Amino acid sequence: MYRMPIYLSALFSISIFISCTGQGDIVLDGSPNFVFQDSKDNYWFGLVGNGVYKSDGQHNHHFTMKHGLCSNTILGIQEDMNGNLLFESADCMSKYDGKTFKDLEIIDTPATHSDWKLETGDLWFRMGWNNDGPFRYDGDKLYALKFPPIPRADSFYMKFPNASWSPYDLYSLYRDHHGHIWFGTSALGVCRYDGNSLAWFYQADLSKANNGGDFGFRSMIEDDKGNYWINNSRYQFRFKSGYKEDNGEHKLIYEKEEGVGFKKEDNKLFFPFFMSMVQDDKGFIWGASYNDGVWCFDGNSLKHYPVRINGKMVDLFSMYKDNHGVIWVVSHKEGLFRLKGNDFIKFGS
Numbered sequence: 000m001y002r003m004p005i006y007l008s009a010l011f012s013i014s015i016f017i018s019c020t021g022q023g024d025i026v027l028d029g030s031p032n033f034v035f036q037d038s039k040d041n042y043w044f045g046l047v048g049n050g051v052y053k054s055d056g057q058h059n060h061h062f063t064m065k066h067g068l069c070s071n072t073i074l075g076i077q078e079d080m081n082g083n084l085l086f087e088s089a090d091c092m093s094k095y096d097g098k099t100f101k102d103l104e105i106i107d108t109p110a111t112h113s114d115w116k117l118e119t120g121d122l123w124f125r126m127g128w129n130n131d132g133p134f135r136y137d138g139d140k141l142y143a144l145k146f147p148p149i150p151r152a153d154s155f156y157m158k159f160p161n162a163s164w165s166p167y168d169l170y171s172l173y174r175d176h177h178g179h180i181w182f183g184t185s186a187l188g189v190c191r192y193d194g195n196s197l198a199w200f201y202q203a204d205l206s207k208a209n210n211g212g213d214f215g216f217r218s219m220i221e222d223d224k225g226n227y228w229i230n231n232s233r234y235q236f237r238f239k240s241g242y243k244e245d246n247g248e249h250k251l252i253y254e255k256e257e258g259v260g261f262k263k264e265d266n267k268l269f270f271p272f273f274m275s276m277v278q279d280d281k282g283f284i285w286g287a288s289y290n291d292g293v294w295c296f297d298g299n300s301l302k303h304y305p306v307r308i309n310g311k312m313v314d315l316f317s318m319y320k321d322n323h324g325v326i327w328v329v330s331h332k333e334g335l336f337r338l339k340g341n342d343f344i345k346f347g348s
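Be aware that the sequence shown starts at 0, since it is given in numbering that gives the first Met the number 0, and climbs by one per residue.
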């Protein structure tokens, strides 16, 4: 069985020279994972293996385990209601109050595994692999949750008894316009938690990549019309409240419409797969594909934005919209790019 690789595990030794807001210059010594901008407009750049960089446009700071981070590989950054920053790694979480870093206590017991809640101000994390569920932060502590077993997981293990990963492994998390939390898994589709119940959705062709590999469920987004995009542009879904029982599994109730493809020179429609998706201030949907640039749906058609260095297409990992509506894409190998006009320009060039 071929499985698309998880690119977080790759460490590229690169130094990226970038300029923040035209003022202070910063050198990222390492491979970037994510861009994040906090409520004070500071930019944070999470790296693989070398901590995190902060830039306020005038001063730049580099934080590692020497400064109190629990790990030098940052998988994600979020900000809580009190302005504290949470730095996610594979097996620990650091909380930063603007002065010091503190390791968050992780509550991981059989009693908490089923204690699902959806409360105002909580934050959700995946924290690496092989956890069989997400982690919920309540403003103080981090709670490990587990997905209740579903029959399709048993079918997965029957088909792949020597699989080195769990089908419940998380690739992505998303909070929709209703405040519901969605979890994209490696092999079981997506799961929605609405505060009352967990319900699942799976469709095989959403994860079968164009090269024949298994893409997993890496990205999803809800547009302004209430349509959900999952992994690619092939379909749009409208999910209803509640669920139906089917073979011992809670399954989401939905309607499906044809999505939008990109017509190639041979007149065949191409449906790109997205590592990451964001919605811009105009309501347009943007998706970063791994090795085929960026795509934008403006409500009518898909437009292609190649991202190249020296004529060669850049491998992309994540996408972000900052506080000012600027679209960023991140490449492990080539660094950071921002949308300027109709092109993604290497940050700092």
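The beta-carbon is built from N, C-alpha and C at its ideal position, and this holds for glycine as well. None of the values given here were measured: they were computed from a predicted structure.
Between isoleucine 73 and serine 88, the beta carbon gap of about 6 angstroms places them in contact (Cβ cut-off 8 angstroms). DSSP places aspartate 114 outside both helix and strand once states are collapsed to three, so it counts as coil.
The Cβ atoms of glycine 183 and arginine 237 do not sit closer than 8 angstroms to each other. Within its own chain, the residues whose Cβ lies closer than 6 angstroms to the Cβ of valine 277, once the five positions on either side in sequence are excluded, are Trp285, Met318 and Lys320, listed in chain order. Residue pairing of valine 293 in beta bridges, as defined by DSSP: Ala287 and Tyr304. Assignment of aspartate 79 by DSSP, reduced to helix, strand and coil, places it in the coil class. With a cutoff of 8 angstroms on beta-carbon distance, glutamate 104 and aspartate 37 are scored as not near each other.
When beta bridges are read from the DSSP output, aspartate 102 appears opposite Ser93. By DSSP's assignment, proline 31 forms a beta bridge with Leu46. Listed in chain order, the non-local C-beta contacts of glycine 247 below 6 angstroms within the same chain comprise Pro150, local neighbours out to five positions each way being set aside. Fewer than three Cβ pairs drawn from the segment 107-117 and the segment 91-98 lie within less than 8 angstroms of each other, which leaves the two stretches out of contact. Counting along the chain, the unbroken alpha helix (DSSP H) around lysine 158 starts and ends at 150-158.
Taking C-beta atoms as the reference points, proline 271 and asparagine 231 count as a pair closer than 8 angstroms. Taken through DSSP and simplified to helix, strand or coil, histidine 66 comes out as helix.
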